[in-house]
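For the sequence shown, the tail end lands on 525 under the working numbering, and the numbers increase by one without skipping. Ideal Cβ placement from N, Cα and C applies to all residues, glycine included. Bear in mind that the values here come from a model prediction, so they are computed numbers and not experimental data.
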Amino acid sequence: MAETGAPEDSVFDLLKKADPKELEARQQRINQRIQKSIELSQQRLAQLVDENSTSAVTVSSVTVLGTPNTRRSFLKGVVSPLLSANQDRPYTSSELIREVHSKAEALKKFGIFHDPISVYIDKPSQTDPSTTPTDVAVYYSVKEKSRIFAKTGTDLGNAEGSAYANVQWRNLLGGAEVLDVNASIGTRTRSSYQVALDAPVLSNPNLRFQVGGVQSATQKVFASHEEGLRGAWSKLRWLNSTGSLHEIGYNGFWRQNTGLAANASPTVKSEAGDSFKSSISHTWTKERRDNPMLPIRGYYAKTTTELAGWGPLQGDVAFAKAEVESQSAIPIPIPGIEGESGVSFTTGVRAGLLYPLALGSKPNPEMSRINDRFQLGGPTDVRGFRLSGLGPHDGKDAVGGDLYAAGSANLLIPLPKVGKDTPLRFQAFVNGGRLLAINNAEGEKAMTSQEVKQSLSDNLSVIANGFPTISAGVGLVYAHPVARFELNFSLPLVVRKHEEARKGVSFGIGINFL
Numbered sequence: 012m013a014e015t016g017a018p019e020d021s022v023f024d025l026l027k028k029a030d031p032k033e034l035e036a037r038q039q040r041i042n043q044r045i046q047k048s049i050e051l052s053q054q055r056l057a058q059l060v061d062e063n064s065t066s067a068v069t070v071s072s073v074t075v076l077g078t079p080n081t082r083r084s085f086l087k088g089v090v091s092p093l094l095s096a097n098q099d100r101p102y103t104s105s106e107l108i109r110e111v112h113s114k115a116e117a118l119k120k121f122g123i124f125h126d127p128i129s130v131y132i133d134k135p136s137q138t139d140p141s142t143t144p145t146d147v148a149v150y151y152s153v154k155e156k157s158r159i160f161a162k163t164g165t166d167l168g169n170a171e172g173s174a175y176a177n178v179q180w181r182n183l184l185g186g187a188e189v190l191d192v193n194a195s196i197g198t199r200t201r202s203s204y205q206v207a208l209d210a211p212v213l214s215n216p217n218l219r220f221q222v223g224g225v226q227s228a229t230q231k232v233f234a235s236h237e238e239g240l241r242g243a244w245s246k247l248r249w250l251n252s253t254g255s256l257h258e259i260g261y262n263g264f265w266r267q268n269t270g271l272a273a274n275a276s277p278t279v280k281s282e283a284g285d286s287f288k289s290s291i292s293h294t295w296t297k298e299r300r301d302n303p304m305l306p307i308r309g310y311y312a313k314t315t316t317e318l319a320g321w322g323p324l325q326g327d328v329a330f331a332k333a334e335v336e337s338q339s340a341i342p343i344p345i346p347g348i349e350g351e352s353g354v355s356f357t358t359g360v361r362a363g364l365l366y367p368l369a370l371g372s373k374p375n376p377e378m379s380r381i382n383d384r385f386q387l388g389g390p391t392d393v394r395g396f397r398l399s400g401l402g403p404h405d406g407k408d409a410v411g412g413d414l415y416a417a418g419s420a421n422l423l424i425p426l427p428k429v430g431k432d433t434p435l436r437f438q439a440f441v442n443g444g445r446l447l448a449i450n451n452a453e454g455e456k457a458m459t460s461q462e463v464k465q466s467l468s469d470n471l472s473v474i475a476n477g478f479p480t481i482s483a484g485v486g487l488v489y490a491h492p493v494a495r496f497e498l499n500f501s502l503p504l505v506v507r508k509h510e511e512a513r514k515g516v517s518f519g520i521g522i523n524f525l
């Protein structure tokens, strides 16, 4: 036994005596040889693809494996365009690779298969007399996700705590349909029940239709009442070739302002009761940020328009509403740091207009309702102010406005010793805005069209030439994949009468911050 162990002992002794620098140099040479071998293999593969990139190829069959719960007709609509029988000419090899990859991405977008999706291209059986020498068979190998997904949890943020339950039935009818059922209870949203069915149209992952309904009761702490909401909606969404997302929809909601506080303002009391909104809407979105939660470069733009109570829409509120939102981010290079420094400068702008219209046969438009007006202020838009702290107030109640503009400038810096690759940043910001209401001089509910135009003109002049409400501050930002968290210290710099500033520390959770 002693003689058997002697060589091993000598090997260990030699390793102990070896120079660490020499061992490191040897390892580097080994790594270089491995890397060179990989590069040569990739070059040979690239050369082989290039030499055959223009050769003619025809697709005789396409098969999707591993889909026991997915309809054949649905899959056929996705992959059948690959078949050469549906093409006016044969593929080149490079075209085939591109198209096969495109269909794999389409399958992935439906959200019913696990990633990755494997692709195989093979020659069909040579004994089949119907095949030709240029034919190939394409196989996609997928694994379906679980059809039922359930989640429960709690949310805390923006002065609200809630508990929720969510159940999803994926691939409900075998065509990538998703039935989503949500229920939640909380301090502000006392109860909310929502169900939505979302399905692709014509087996196209970029064209989807959704129909849903909701019943909720939300306490409007900023306006001394509770809003009950019941109704339904339908939406058609599509992604065009330029990467812009469009959505058109119809909304029918019965709203009830109830549960008024004892000290509710006259404005809130005058709007107690029921209203029905029947509207059509359009939303356009373009996302070009590298990270929506913590952008370093790129831009984001969104417009929303809504028309309610006009013509055949009926309902008992009538207005035209438009809102625009934009954000841009640029990286800031730091001398002495190679590559990305992680420092970025972002700017955000939001603006909106609610224009009252005459309802039905009435000759004059009425003032907008508190349910439809804009609210501004809080940890996700104009920081340094309480929720809905900007704009018109009646006593302690924020009654909202019909015209607003807001903007923000943020400098994001990685924390020392933490690094730029973590989703944690130090933030310095300046933001501000104005929120105004369209009113007539007499304060009546109804206005003539001329009074509406005059009030709008006056308000636009105030926003364009006046000084906005402003705050500044510093804080910490954590970008979780689901939401963005901010812990800020804010200092209001310009505050108007009746507006509710909030100097000190605030905590915000949201998806889209100003």
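- Rounded to whole angstroms, E33 and N42 show a C-alpha spacing of 14 Å.
- Secondary structure note for G88: its alpha helix (DSSP H) is the uninterrupted segment R83 to V90.
- Selection P216, A329 and G519 evaluated against R384 yields A329 as nearest (Cα-Cα).
- Rounded to the nearest whole angstrom, the C-alpha separation of G186 and L86 is 8 Å.
- Less than 8 Å separates the beta-carbon of R394 from that of S501.
- In the structure shown, the three-state DSSP call for L213 is coil.
- Secondary structure note for P277: its alpha helix (DSSP H) is the uninterrupted segment P277 to S281.
- Assigned with DSSP and collapsed to three states, V441 falls in strand.
- The alpha-carbon of S399 is positioned some 5 Å away from that of Q386.
- Per DSSP, L471 has no beta bridge partner at all.
- Across the set P216, E106, N523 and E35, the C-alpha of N523 shows the shortest separation from the C-alpha of M304.
- Using a Cβ distance threshold of 8 Å, I123 and N182 count as a contacting pair.
- For the pair I449 and V463, the CB atoms are nearer than the 8 Å cut-off.
- DSSP lists T315 and G363 as the beta-bridge partner residues of E334.
- Between the alpha carbons of I341 and G309 lies a gap of roughly 7 Å.
- In the displayed model, P390 falls within coil according to three-state DSSP, outside both helix and strand.
- Separation of T278 and N470 (C-alpha to C-alpha, rounded to the nearest whole angstrom) is 20 Å.
- Under the 10 Å beta carbon count, Y151 is surrounded by 16 or more other beta carbons and is classified as buried.
- Under DSSP, H257 forms a beta bridge with W249 and W295.
- Partner residues in the beta bridge of A457, as assigned by DSSP, are E377.
- Excluding sequence positions up to five before and after G484, its CB lies within less than 7 Å of the CB of R394, G395, F440, N499, F500, S501 and L502, all in the same chain and listed in chain order.
- As computed with DSSP, I481 is found in a beta bridge with G443 and V505.
- In this structure, the alpha-carbon of W180 lies about 18 Å from that of V212.
- When DSSP states are grouped into helix, strand and coil, P135 belongs to the coil group.
- Under the 8 Å Cβ criterion, the segment 356-371 counts as touching the segment 410-422, having at least three qualifying pairs.
- Beta-bridge analysis with DSSP links A148 to S72 and D133.
- Excluding sequence positions up to five before and after Q205, its CB lies within less than 6 Å of the CB of N193 and V225, all in the same chain and listed in chain order.
- The beta carbon of S289 sits closer than 6 Å to those of G263, L324, Q325 and G326, all from its chain and outside the five residues before and after it, given in chain order.
- Where A329 is concerned, there is no enclosing alpha helix (DSSP H), because DSSP gives it neither an H nor an E.
- As computed with DSSP, H404 is found in a beta bridge with A409.
- Cβ-Cβ distances below 6 Å link T459 to N375 in the same chain, with the five nearest sequence neighbours on each side left out; the list follows chain order.
- I345 is not bridged by DSSP to any residue.
- Within 10 angstroms of the beta-carbon of G519 lie 16 or more other beta-carbons, which makes it buried.
- Between L401 and G388, the C-beta spacing is below 8 Å.
- DSSP, reduced to helix, strand and coil, places V178 within a strand of the structure shown.
- Counting C-beta atoms within 10 angstroms of its own C-beta, H236 has 16 or more neighbours from the protein chains shown and is therefore classed as buried.
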